[in-house]
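Engineer: As numbered in mature numbering (1 follows the signal peptide of the UniProt record, and there is no 0), residues -24 to -1, 1 to 837 make up the sequence shown, in order.
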Amino acid sequence: MEAMLKVLFHFFFIFLLLVNSVLTQSTVRRLSSGVERTALFDLRASLGIKARFWPRKLDPCTNWTGVECSNGRVTGINLSGLRRTRVGSLSPSFSIDSLVRCTQLGTFNSSGFVLPGQIPDWLGQNLSALQVLDLTSSLVFGPIPSSIGSLNQLNRLLLANNSLTGIIPDSLRQLSSLSTLNLSLNMLTGSIPSSFSALANLAALDLSSNFLSGPIPMNFGSFSSLQSLNLSNNSLASSLPIQLGNLSQLVDLDLGFNSFSGSFPNELGRLTNLRRLSVKNNNLGGNLSSNFTPNIILLDVSSNNFTGNLPDLSAFPNTSGVTLNFSNNQFYGILNSSVSNLDSIDLSNNYLQGLNVNLENTTSISRNCFIRIPNQRSLDDCRTFYLLRNLPFNGDSNSNPITPLQPQLPRKSNNNNRLKYVMAGVFGGLGIFIIIVMILFLVFKPCNKRSVSQRSANVEPVQEEGNEKGQTISVNLMFDSFSYEQISQATSGFSDSNLMKHGHTGDIFKGKLEDGVSIVVKRVDMRVSRKDCYMSELELFSKGMHTRLVPLLGHCLEHETEKLLVYKFMPNGDLSNSLYRSTSLEDSGLQSLDWITRLKIAIGAAEGLSYLHHECNPPIVHRDIQASSILLDDKYDVRLGSLSEVCVQGVEENQNVISRLLRISSNSEPTPSGSSSPPICAYDVYCFGKVLLELVTGKIGINNYEWVEQTLSFINNYDKELVSKIVDQSLVIDEDLMEEVWAVAIVAKSCLNPKASKRPQMTHILKALENPFRVVREEDFSSGRLRNNSSRRSWSAALFGSWRQSFSGSVHSQSQKSREGVSGQRRENSQGSGANDKRLSSEIFPEPVDINDVERQDETR
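Written out as structure tokens, the structure is:
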């Protein structure tokens, strides 16, 4: 009996200990500081946080999203993903002054949460326990306060994708515990502080996409723990310090898009842990070292002045995922068989010869000196290059050395006469064909070019050679007129190292003017382009410089054989190469644009197209809307480029049957920038729908109609969960953001309707993107539940009432009537009424259609 009592006593004692532990933990988790409780409620009010995230009647430590506590004190606040109330969204600001009372705060994260304003000095003076400060994409502006250097426990400082200005404060050297510093995508100036070498624990440093200048400090080699260094997209110059070879732990190194010169340091071969290296778009020259580490999986030395033989390609791993880019340099010599072992390699635009191996599709060898392969340099170009270097030019390893062709006497005179007759017939037939083509071109012009006098009375017209007699074309005098010598100097004589890409109407070069302004130059070769191709852009800009069009800085029209158009350089390139960008190791080398930035890009592109379609008179059709034509400045604001195809809407009505028959038929929507693209605004809407689909899915370069059809089947007006199957998996999306994604997907589906007449206007698309919740929610209901069918129709009718008129403009109403033969009803030409369209509001976002029933050659042709 006594033993039983002892056992019961022990069990009772253990039970009391467990109850005490539970009660203690519950007490510890709850907020015990009245001062900090008041501070949190003040923060809730100043930021306008919705009650469902921070409920007033519940304990902040246990029930508020993003609030972390320890021992009854606030230790962490994460605003990322939280939503503001309607009132709070009207006037957001950097209103976090109440946090000065949270003295134990170790983490503050507002990534993606808008806090427009300057970083206050007190943040570095009062929050001494702060270990993580993340203000990424928070619309913060102004200088970085020097007081940040007082946060001696700070481990991660993330201020990327804001509008910070001024120099990098030298006080940051005091952050001895700092392991990650990201100041990218801002407007910081000055040089990189050499005092950064004091940051002994720094593992990741990202200063990319700023306006930093000067050299890389030589003492950067003292970073014993640095694993990721990104200094790309700045104005850094001078040579690369050999001390970079001391960064023994370095895995990622990105120095691209700067002005580095000199040779490539052989000391970088000592970096045995290096896996990704980019020095593209610089002025580096000389021979390229061949002692690269065998662990490297990405090497990009493109668009420099490297010469000599290629590095030994057999030293690189032949596993999948290895990417090498040697393009746009001056490498020469014979290409050996080791290239066939690599997964992806770009050797284009060099002077290589002697191809004797089988290559995969992932290998690019265009514009070299392989004489038996298409799309190569001319023999004269190759001979001259090799002759200047006193090198033998074979062109092909299986052939004898090529010598200049010498004229030879014919053996038989009858062969000579026969050749003359054949050549006469060929050239005669060719001449007749050219004459016929010229007549057809003059009679059936694809675009209705108007004179300056009709478009702008403030622009002085000039007579341009090669145009019809008496026709005037516009050169807007508000733009600078550059001399050919200026542009040639800015682009280093249009060197291959400055070649960005081959455009529709000419090559695109980057350059820098004497005053340091970065530019992009389109070089239009008049010998191979149509005579007035560049004038469409000048005429467009004569209407005014809209903020959503790529800024035109000037032109050079003094040469008959080539015309130069000068644009402002866009630091973030275009959407096709910015959707995913290299970053630190934490994101496996690639970072996807967040949804907020993607939606910002979609709205910006819609604003540009809305201007062309609805503010220009007559409406202008872009005709080349795709990811590569959506340019992005340093803040990821959109500037529409690729304007060489712009055309007045509806001119196709003036073409006769012959010109229609000459067009290339297709089974789907015409490809962008193709000659068969119709000059109606509905075509731009279709292409814009593909861009929206790319932003949602993360798939760039959508050209597969079957893939589009399959993807659209997952977009349903009443089922949000289906969309999650096609959303880009790299996006981190909460419930509210998923509704935005769903709404944008629905808008994309409406744009991709096979019938042009059933696509909305860009003004209505813009309104939908600016208010995505109204596409899928009933704003009048506090619960935010999905709209029912009738409420959805009423809102759609109000917002998209006149969407059928998206291609009215200058098109005759009788032609519209013929296109809409199913209804047999004649619509008004005036835009905005929507009187006859309410019955069609349910078709704004139509359900998937049977593709076999779609009329392929309707008004989209």
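Ideal placement from N, C-alpha and C gives every residue a C-beta, glycine not left out.
So, at 7 Å on beta carbons, what are the nonlocal neighbours of Asp35 in its own chain, with the 5 sequence-adjacent residues on each side left out?
Structural biologist: Counting only Cβ-Cβ distances below 7 Å, and skipping sequence neighbours, we find Arg6, Leu7.
Engineer: Below 8 Å, how does it come out for the segment 585 to 600 and the segment 615 to 626: are there three or more Cβ pairs, yes or no?
Structural biologist: At 8 Å Cβ cutoff, the stretches touch.
Engineer: DSSP state of Met(-21), grouped into three classes?
Structural biologist: Met(-21): helix per DSSP, three-state reduction.
Engineer: Would you kindly work out how many angstroms separate the C-alpha atoms of Arg28 and Glu697, rounded to a whole number?
Structural biologist: Using only the alpha carbons, I get a separation of about 22 Å.
Engineer: Quick one: does Cys592 have its CB under 8 Å from some CB of chain D?
Structural biologist: Among the protein chains of the structure shown there is no chain D, as only one such chain exists.
Engineer: Would the segment 206 to 214 count as touching the segment 225 to 238 if we require 3 or more Cβ pairs under 8 Å?
Structural biologist: The segment 206 to 214, when compared against the segment 225 to 238, does touch it at the 8 Å Cβ threshold.
Engineer: Could you tell me whether the segment 474 to 486 touches the segment 183 to 203, where touching means 3 or more Cβ pairs closer than 8 Å?
Structural biologist: Touching, no, given that fewer than three Cβ pairs across the two stretches are closer than 8 Å.
Engineer: What does the alpha-carbon distance come out to for the pair Leu247 and Thr269?
Structural biologist: Using only the alpha carbons, I get a separation of about 7 Å.
Engineer: Starting from Gly10 and walking both ways along the alpha helix (DSSP H), at which residues does that stretch end?
Structural biologist: 10 to 23 is the extent of the alpha helix (DSSP H) around Gly10.
Engineer: Using only alpha-carbon positions, find the residue among Gly309, Ile741, Glu583 that is nearest to Arg524.
Structural biologist: Considering only alpha carbons, the answer is Glu583.
Engineer: From Asp483, Tyr510, Glu461, pick the residue whose C-alpha is nearest to that of Glu490; which is it?
Structural biologist: When only C-alpha atoms are compared, the closest one is Glu461.
Engineer: Over the uninterrupted alpha helix (DSSP H) stretch that includes Met511, give me the two end residues.
Structural biologist: Counting along the chain, the alpha helix (DSSP H) containing Met511 begins and ends at 511 to 517.
Engineer: Taking the CB atoms as reference points, tell me whether Phe369 and Gln306 lie closer together than 8 Å.
Structural biologist: Against a cut-off of 8 Å, the Cβ pair of Gln306 and Phe369 comes out as no contact.
Engineer: Can Gly166 and Leu188 be called in contact, C-beta distance under 8 Å?
Structural biologist: Their beta carbons are under 8 Å apart, which means Gly166 touches Leu188 by this criterion.
Engineer: Tell me, to the nearest whole angstrom, how far the beta carbon of Ile120 is from that of Thr83; I am working on the premise that it is less than 8 Å.
Structural biologist: Actually they do not touch by this definition, with Cβ atoms about 19 Å apart.
Engineer: Which residues bound the alpha helix (DSSP H) around Met738?
Structural biologist: 738 to 746 is the span of the alpha helix (DSSP H), which, as asked, contains Met738.
Engineer: What did DSSP end up calling Ile408 once you bin it into helix, strand or coil?
Structural biologist: Three-state DSSP puts Ile408 in a helix.
Engineer: Nearest by alpha-carbon distance to Asp322: which of Ile310, Tyr308, Ile341 is it?
Structural biologist: It is Ile341 whose Cα lies nearest to the Cα of Asp322.
Engineer: Below 8 Å CB to CB, which residues in the same chain sit around Gly10 once its five sequence neighbours on both sides are set aside?
Structural biologist: Taken in chain order, the list of residues that qualify is empty.
Engineer: Spatial neighbours of Phe664 within its chain, please: CB distance less than 8 Å, with the 5 preceding and 5 following residues excluded, ordered by chain position.
Structural biologist: Within the same chain, Phe664 has close Cβ partners Ala581, Ala582, Leu585, Ile601, Cys727, Met738, Ile741.
Engineer: Quick one, which of Phe89, Ser113, Asn128 has its alpha-carbon nearest Leu99's?
Structural biologist: Selected option, being the one with the closest Cα: Asn128.
Engineer: How far does the alpha helix (DSSP H) with Arg62 in it extend, from its first residue to its last?
Structural biologist: 62 to 66 is the extent of the alpha helix (DSSP H) around Arg62.
Engineer: Is it buried or exposed, Val624, if we count other Cβ atoms within 10 angstroms and call 16 or more buried?
Structural biologist: Buried.
Engineer: Here's a check: name, in chain order, each residue in its chain whose Cβ is nearer than 6 Å to the Cβ of Ser605, leaving out the five neighbours to either side.
Structural biologist: Taken in chain order, the residues that qualify are Gly617, Ser618.
Engineer: Excluding the 5 residues preceding and the 5 following Ile709 in the sequence, name in chain order all residues of the same chain whose CB lies nearer than 8 Å to its CB.
Structural biologist: Contacts found: Trp571, Val703, Val717.
Engineer: Count the other CB atoms within 10 Å of the CB of Pro655; is the residue buried (16 or more) or exposed (fewer)?
Structural biologist: By the neighbour-count rule (16 or more Cβ atoms within 10 Å), Pro655 is buried.
Engineer: Using alpha carbons as the reference points, say which of Val672, Arg365, Pro68 lies closest to Ser568.
Structural biologist: If we check each option's Cα against that of Ser568, Val672 comes out closest.
Engineer: Let's see if you can read the secondary structure: which residues bound the alpha helix (DSSP H) around Gly52?
Structural biologist: Where Gly52 is concerned, there is no enclosing alpha helix (DSSP H), although the beta strand (DSSP E) it sits in stretches over 49 to 54.
Engineer: Go through its chain and collect everything with a Cβ distance to Asp483's Cβ below 7 Å, but skip five positions before and after it.
Structural biologist: Leu475, Arg499, listed in sequence order.
Engineer: What are the boundary residues of the beta strand (DSSP E) that Cys45 is part of?
Structural biologist: First-last of the beta strand (DSSP E) with Cys45: 43 to 46.
Engineer: I need the boundaries of the alpha helix (DSSP H) containing Cys532, first residue and last residue.
Structural biologist: Per DSSP, Cys532 belongs to no alpha helix (DSSP H); it is in the beta strand (DSSP E), 528 to 532.
Engineer: Could you pull out every residue in the same chain whose Cβ sits closer than 7 Å to the Cβ of Pro547, ignoring the five residues on either side in sequence?
Structural biologist: Counting only Cβ-Cβ distances below 7 Å, and skipping sequence neighbours, we find Ser185, Asn209, Asp609, Asp610.
Engineer: Using 8 Å as the threshold, is the C-beta distance between Gly93 and Val108 below it?
Structural biologist: It is not a contact, given that the beta carbons lie outside the stated cut-off.
Engineer: Under 7 Å Cβ to Cβ from Ala15, same chain only, skipping five residues before and after it: list those, please.
Structural biologist: Here the set comprises Ser74, Leu75, Arg77, Cys78.
Engineer: For Asp110, collect the residues of the same chain with a Cβ closer than 6 Å to its Cβ; drop the 5 residues on either side in sequence, then sort them by chain order.
Structural biologist: Result list for Asp110: Asn85, Ser87, Leu134, in chain order.
Engineer: Hey, out of Ser160, Ser171, Gln150, whose CA is closest to Ala180's CA?
Structural biologist: Of Ser160, Ser171, Gln150, the residue nearest in Cα terms is Ser160.
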